[in-house]
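Participant:
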Amino acid sequence: TTLARIDKDVGDLEASEAALLAAVGKARASGELAAELRAICSLGNLRYAHGRLGAALEAYAEACRRADEACHAWAPYALDALAMTGIVAHVSGDWALVERTVDVSGQSPPEYADRLLAAVGMQLAADRGDLEALEQLPQLRSWWRRDGLIAITSGGAAIELLGHRGDLAGAQAMYDDVVSSVGRLWQRMAFHARTRLSTLLLGHLASAAAVAGGTEREALVRRGAALAEAAAVIT
2 TTLARIDKDV GDLEASEAAL LAAVGKARAS GELAAELRAI CSLGNLRYAH GRLGAALEAY
62 AEACRRADEA CHAWAPYALD ALAMTGIVAH VSGDWALVER TVDVSGQSPP EYADRLLAAV
122 GMQLAADRGD LEALEQLPQL RSWWRRDGLI AITSGGAAIE LLGHRGDLAG AQAMYDDVVS
182 SVGRLWQRMA FHARTRLSTL LLGHLASAAA VAGGTEREAL VRRGAALAEA AAVIT
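Residues in the sequence shown are numbered from 2 upward in steps of one, following our numbering.
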């Protein structure tokens with residue numbers, strides 16, 4: 002699985018997928034569930050990274066099914082696959098699948114799993130303009146120093162919701178908070194999700210600039226240029 006990820010990084014996608022499929026088969030044959038789940042989840046991530054959303058969802062569903070069969074639904078990589086199901090479903094516009102994925106009614110997930118799925122659910126709330134979802138942020142914010150995905154998903158949703166509420170200063174402060182938190186956690190300020198966070202904030206800056214006066218508009222344009230510059234460094 003590690004070698005397959007190296008193949009992906011050097012651009013050999015066919016070799017990477019073939020290696021991951023082989024890793025899944027070997028792990029399953031030897032009864033190594035953890036290795037199997039890691040390989041399947043990595044396969045889903047590979048497909049998602051290259052826009053194959055349906056195929057990615059198939060891989061994540063397989064990982065979740067295998068984990069459920071072994072009564073390890075909240076195990077590492079099983080939870081990753083579940084969270085990624087919600088994220089990819091959100092990207093593909095399947096809101097019903099997002100709702101089913103993050104619904105833990107009648108279950109007893111560990112706190113981390115509960116918070117991660119709640120963060121994924123916040124993205125859907127942001128799409129719907131549900132400002133009440135911001136009330137979840139304090140609980141989720143306490144996890145930002147430990148998990149970058151919770152920070153990125155809930156923070157991105159909060160940027161959208163604050164922008165919808167007309168709180169542009171709050172949206173900018175939220176962006177800075179997410180980037181700072183994830184940067185410290187991952188020990189690098191240039192991470193790919195920063196491009197998406199920048200884009201979310203740019204949309205609200207552009208809306209505000211369209212109706213702003215001269216001085217305010219200049220400040221918005223400067224902030225927008227800084228966001229674009231940061232994204233260019235990442236890509």
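For each residue, glycine too, the CB sits at the ideal point set by N, CA and C. Values in this document were obtained by computation on a predicted structure and should not be read as measured data.
What does the Cβ neighbour count give for A72, buried or exposed, with the cut at 16 atoms within 10 Å?
Facilitator: Here the sequence assigns Cys to residue 72, which means Ala is not the residue at that position. Exposed, since its Cβ has fewer than 16 Cβ neighbours within 10 Å.
Participant: Check whether the Cβ atoms of V121 and G87 lie closer than 9 Å to each other.
Facilitator: Contact flag set, yes.
Participant: Counting pairs of Cβ atoms below 8 Å between the segment 210-217 and the segment 186-202, do you hit three or more?
Facilitator: At 8 Å Cβ cutoff, the stretches do not touch.
Participant: Please name the residue in M123, G52, C65 and E112 whose C-alpha comes closest to that of V89.
Facilitator: Checked all of M123, G52, C65 and E112; the closest Cα to V89 is G52.
Participant: Locate the alpha helix (DSSP H) running through S43, then write down its first and last residues.
Facilitator: L34 to A50 is the span of the alpha helix (DSSP H), which, as asked, contains S43.
Participant: Rounded to whole angstroms, what's the CA-CA distance from T154 to M123? Just pull it up for me.
Facilitator: Spanning the two alpha carbons is a distance of roughly 7 Å.
Participant: Taking Cβ to Cβ, would you say V25 is nearer than 9 Å to A35?
Facilitator: No, they are not a contact pair.
Participant: Check whether the segment 126-136 touches the segment 150-169, counting contact only when three or more Cβ pairs, one atom from each stretch, lie closer than 8 Å.
Facilitator: Yes, the segment 126-136 touches the segment 150-169.
Participant: Are L38 and L21 close, meaning C-beta to C-beta below 9 Å?
Facilitator: No. Outside cutoff.
Participant: CB-CB under 7 Å to W245, same chain, minus the five flanking residues each way: which ones, in chain order?
Facilitator: The chain is shown only over 2 to 236; residue 245 falls outside these bounds and no answer can be derived.
Participant: With DSSP run on the structure shown, which of helix, strand or coil describes H73?
Facilitator: In the structure shown, H73 sits in coil (DSSP, three-state: anything other than H, G, I, E or B).
Participant: Alpha carbons only, please: which of C65, A50, M190 and A227 is nearest the one belonging to L202?
Facilitator: Answer by Cα proximity: A227.
Participant: Apart from the five residues just before and just after L150, which ones in its own chain have a Cβ nearer than 8 Å to its Cβ?
Facilitator: Answer for L150: A84, L117 and A120, listed in chain order.
Participant: Tell me the residue span of the alpha helix (DSSP H) that contains L203.
Facilitator: Unbroken alpha helix (DSSP H) run through L203: A194 to A210.
Participant: Nearest to H165 by CA position, among D131, V222, V103 and L54, is which residue?
Facilitator: It is D131 whose Cα lies nearest to the Cα of H165.
Participant: Taking C-alpha atoms, which residue in V105, S106 and H91 lies nearest to V99?
Facilitator: Here the closest residue by C-alpha is H91.
Participant: Are V179 and M190 close, meaning C-beta to C-beta below 9 Å?
Facilitator: Not in contact: V179 and M190 (Cβ atoms no closer than 9 Å).
Participant: For the alpha helix (DSSP H) containing M190, list its first residue and its last residue.
Facilitator: Element bounds for M190: n/a, residue is neither H nor E.
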